[in-house]
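To start, the structure under review is shown below, and the notes come after it.
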Amino acid sequence: MSDDNQAEWRTLPLAMRLSDEELDLVRWIGARMSRLTLGRFEELPYMERSDELGIVANMVARVARELRQAKQRDQAQKRELETQKQELEVQKRELESRVTELEVSRAEAARLLATVRELTAPVLAVHKGVILVPIAGALDPELLAQAEERVLSSVGAANARAVILDITGAKAIEVTVAEGLVRIARAVSLLGARVVLCGVSPAAA
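Structure representation (structure tokens):
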């Protein structure tokens, strides 16, 4: 403490009862408390004093230490949260990428399935007024419904008088499949054409 400040402090009633060392300690405590209010939590030394000033000084040091530790914990938590946030962002991007890949794969699978269904029951104009529908592979009600739609459309567009349903390449003919073929034949007949069914195995017949 400077001589002028010391002289000024000496004019205070309390300071008049304190020694120079005690005045320096009071000033030190005040300065450290001011730094605490500014968020500057420094490591403060432990005072080897058991009087009131020593207790206050050590209390300030303890508060500074606890505040500093709390600040460090807070900073550590913020870093951890930031790390978790970044990891979640990475996982989100990976998930979005996988979803995109699945959508592409699903679209490709749908396209391939549509191609397979078309190849399973294509509609071919083999002669004027005659169309051939070779049916191959496994049949199901959905495929038959699509085949019926294409056949009826082709009969009208080509003004066909005969439709040949060739089921030589078809797998086992279930009851529902047979009913579907009969339905196609009836629908074609309503358009003025007739259906010729060929390739029927003895078991299917």
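When the letters of the sequence shown are read in order and numbered with our numbering, they come out as residues 1272 to 1476. All residues carry an ideal CB built from backbone N, CA and C; glycine is no exception.
Which of helix, strand or coil does DSSP assign to residue i?
{"i": "Arg1465", "result": "strand"}
{"i": "Gly1310", "result": "coil"}
{"i": "Asp1437", "result": "strand"}
{"i": "Ala1407", "result": "strand"}
{"i": "Val1394", "result": "coil"}
{"i": "Val1331", "result": "helix"}
{"i": "Val1401", "result": "strand"}
{"i": "Ala1458", "result": "helix"}
{"i": "Ser1425", "result": "helix"}
{"i": "Glu1319", "result": "coil"}
{"i": "Glu1445", "result": "coil"}
{"i": "Ala1418", "result": "helix"}
{"i": "Arg1350", "result": "helix"}
{"i": "Ala1341", "result": "helix"}
{"i": "Met1272", "result": "Low confidence applies to Met1272: its pLDDT is 47, below 50, so where it sits in the model is not reliable enough to give any reading."}
Thinking just about the alpha-carbon of each residue, which of the options is nearest to the one in residue i?
{"i": "Leu1296", "options": "Ala1385, Met1318, Thr1308 and Val1426", "result": "Met1318"}
{"i": "Ala1341", "options": "Gln1362, Gly1427 and Glu1313", "result": "Glu1313"}
{"i": "Leu1415", "options": "Lys1399, Val1397, Leu1383 and Ala1456", "result": "Ala1456"}
{"i": "Val1446", "options": "Thr1308, Cys1469, Asp1411 and Gly1427", "result": "Asp1411"}
{"i": "Gly1400", "options": "Ala1464, Trp1299 and Glu1379", "result": "Ala1464"}
{"i": "Thr1227", "options": "Pro1316, Glu1323 and Arg1339", "result": "This structure leaves residue 1227 out entirely; the chain is present only between 1272 and 1476."}
{"i": "Val1387", "options": "Val1370, Gln1417 and Thr1371", "result": "Gln1417"}
Label residue i either buried or exposed according to how many other C-beta atoms from any shown protein chain fall within 10 Å of its C-beta, with 16 as the threshold for buried.
{"i": "Val1448", "result": "buried"}
{"i": "Ile1438", "result": "buried"}
{"i": "Ala1409", "result": "exposed"}
{"i": "Val1459", "result": "buried"}
{"i": "Val1361", "result": "exposed"}
{"i": "Leu1352", "result": "exposed"}
{"i": "Leu1436", "result": "buried"}
Checking 8 Å against the spacing of the C-beta atoms, do residue i and residue j come in under that value?
{"i": "Ala1441", "j": "Ile1406", "result": "yes"}
{"i": "Ser1425", "j": "Ala1433", "result": "no"}
{"i": "Arg1303", "j": "Val1331", "result": "yes"}
{"i": "Arg1454", "j": "Glu1419", "result": "yes"}
{"i": "Val1394", "j": "Arg1421", "result": "yes"}
{"i": "Leu1452", "j": "Leu1462", "result": "no"}
{"i": "Glu1293", "j": "Leu1324", "result": "yes"}
{"i": "Val1404", "j": "Ala1392", "result": "yes"}
How about residue i: is its C-beta nearer than 8 Å to some C-beta of chain B?
{"i": "Arg1465", "result": "Chain labels in this structure do not include chain B; a single protein chain is all it has."}
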